[in-house]
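Undergrad: Residue numbers (full-length UniProt numbering): 1 to 53.
Beta carbons are placed, not taken as given, at the ideal position from N, Cα and C, and that holds for glycine.
Remember, predicted model here, so these are calculated numbers, not experimental data.
This is the structure, below, for whatever I ask next.
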């Protein structure tokens, strides 16, 4: 179970230490982001080095 601690930038805010488990579907991570930002998962655009989630 690869577990990573990532930094999420949203507007001018920065959330450090957000846990990302690569064994779980992307929707689980988007649900975590929804809890932090209030942005619905369908409206989120998660960008990572090399592509978009």
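Pick helix, strand or coil for residue 22, following the three-state DSSP scheme.
TA: Counted from its first residue, the chain shown places residue 22 at position 22. Coil.
Undergrad: Name the one or two DSSP bridge partners that residue 15 has.
TA: Here residue 15 is taken as the residue at index 15 of the chain shown, counted from 1. In DSSP, residue 15 forms a bridge with 8.
Undergrad: Assuming residue 18 and residue 32 make a contact with CB atoms under 8 Å, what is their CB distance in whole Å?
TA: Here residue 18 refers to the residue found at position 18 when the chain shown is read from its first residue. Here residue 32 refers to the residue found at position 32 when the chain shown is read from its first residue. Indeed, because the Cβ distance is near 6 Å, the residues count as touching under 8 Å.
Undergrad: Ordered along the chain, which non-local residues of its own chain (more than five positions away) have a Cβ less than 6 Å from that of residue 12?
TA: Residue mapping note: residue 12 aligns to position 12 of the chain shown, counting from 1. Within the same chain, residue 12 has no close Cβ partners at all.
Undergrad: Could you name the residues that DSSP lists as bridge partners for residue 48?
TA: Residue numbering aside, residue 48 sits at position 48 when the chain shown is read from its first letter. 51.
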